[in-house]
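The structure under discussion appears below in the form of structure tokens.
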Amino acid sequence: MSGSSNYVLGHSDAEIERLQLQAKVLEGPTRRLIHECGIRPGMRVLDIGCGAGDVSMLLADVVGMNGTVVAVDRERHAIDVARSRADQAEYSQIEFDVANDESFERYAPFDAAIGRYVLVHQRDPAQMVRRTAAAVKTGGIVAFLEGAFQSNGDVRPPNELYRMIGDSIVSACRVVLPAHDVTGRIIATFEEAGLPNAQVIWESIVAGADSFLPRYVVTSYRVFLPIIQQLGLDHSEIGDPATLYERLLATAAASRAQFVSLPQVGAWAVRP
Ligand SMILES: C[S@@+](CC[C@H](N)C(=O)[O-])C[C@H]1O[C@@H](n2cnc3c(N)ncnc32)[C@H](O)[C@@H]1O
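In terms of numbering that gives the first Met the number 0, the sequence shown is residues 0 to 271.
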């Protein structure tokens, strides 16, 4: 599947697992963005690039049984996984479809549209924001949550193994994600798309050694490793990926380490 995928990491089972771990790490910032941007019960909401469907299910909880979530992704495998997870969790108000940003308007009009970790994958993020805005009503909401890959994560006290893992991943992201730094110009990107006055939340997740955060980072490292090696960005001192999490946890737990994620940036605006 990944061989034919446009999405840089493909949709292997390992990547779907990584997206689900990522969803746990990002749940707080996503809930805060959904609340702050004004998504409410009864709304019809578009989830752009839904991946494994985690944002779609958070949205379904908010819009309730009188609302609708339309979840689209350009990759069929992602839609199949998302649909089966939503069926299992008994969400009946989510409609899934294979679609890219050229066809969002097919499902319009929406009260709101939201995408998580999709703008960083676009060659022209303003174009995606513009196409999203075209699918929402006047007065409707356009929102995105993206990682700030121009920054680095952190850990205190410093941990050399974690620094090398983080450095390999973020350096690879800066090469392969066409808009890895879109959060640094998110207000201008919204403006270019005809959405003035974007509001922005810029936050990091902070968590202890035995938490989703280091587990997510190590899983990301394993998924990214072929790309990291291909780009010559690997640190041989990192050692065997199979034992990496246990080794990191041992040193981090001994120093009672505190991990700080990359900034997670939620931006939203109302369509004038
Ligand atoms: C990093 S994943 C994020 C998945 C999900 N939003 C989440 O946060 O769990 C990015 C997803 O966006 C999809 N995607 C990227 N560009 C797209 C586009 N132009 N139209 C539709 N889907 C797109 C990819 O196929 C992939 O599933």
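We treat Cβ as the ideally placed atom computed from N, Cα and C, and that holds for glycine.
Between the C-alpha atoms of residue i and residue j, what's the straight-line distance to the nearest angstrom?
i	j	result
Q257	R105	46 Å
V199	E35	10 Å
P40	F223	38 Å
A125	I185	9 Å
D123	R130	11 Å
P177	Q149	12 Å
M56	Q92	9 Å
Q21	V54	11 Å
M0	V80	Confidence at M0 is low in this model, with a pLDDT of 30, below 50, so the placement of that residue is unreliable and no value is reported for it.
S254	N151	21 Å
K23	R214	11 Å
N275	F109	Look at the range of the chain in this structure, 0 to 271, and you will see that residue 275 is not part of it.
S3	E145	Confidence is the limiting factor: at S3 the pLDDT is only 38, short of 50, which leaves the residue's position unreliable, though a coordinate-based value still follows. Rounded to the nearest angstrom, the two C-alpha atoms are 25 Å apart.
C172	E89	35 Å
P28	A98	26 Å
D60	R30	10 Å
W201	V264	5 Å
I113	V119	14 Å
G63	E26	18 Å
L232	P262	22 Å
P157	G193	43 Å
P195	M42	23 Å
L248	S170	23 Å
G139	G207	38 Å
I33	F103	20 Å
Do residue i and ligand 1 come close, with the Cβ less than 7 Å from some heavy atom?
i	result
Q121	yes
Y116	yes
A77	yes
M297	Missing from the structure shown is residue 297; the chain here goes from 0 to 271 and no further.
C49	yes
V71	yes
V54	yes
L32	no
A178	no
Q263	no
D100	yes
A256	no
A133	no
Q21	yes
E145	no
L18	yes
E245	no
E74	yes
Taking residue i as the reference, give the member of the options with the closest Cα.
i	options	result
S272	A241, V199 and F189	As displayed, the chain neither begins before 0 nor continues past 271, which places residue 272 out of reach and without an answer.
S203	D60, G50 and S260	S260
A77	M56, N158, D60 and G48	G48
A51	R84, S254 and G37	R84
Y161	L212, T137 and F143	L212
F95	G37, V69, A133 and S235	V69
S210	G114, I33, E245 and A133	E245
I164	R31, E14, Q228 and V61	Q228
A268	E190, I226 and D233	E190
S167	I33, L32, T250 and I226	I226
R115	A133, D153 and L45	L45
A142	V169, R75 and A111	A111
In or out: residue i buried (at least 16 other Cβ within 10 Å) or exposed?
i	result
R17	buried
E101	exposed
D72	buried
Q121	buried
V128	buried
T188	buried
V174	exposed
G238	exposed
P271	exposed
V205	exposed
T137	exposed
What I want to know is whether the C-beta of residue i ends up closer than 7 Å to one or more non-hydrogen atoms of ligand 3.
i	result
D96	Ligands displayed in this structure: ligand 1; ligand 3 is not among them.
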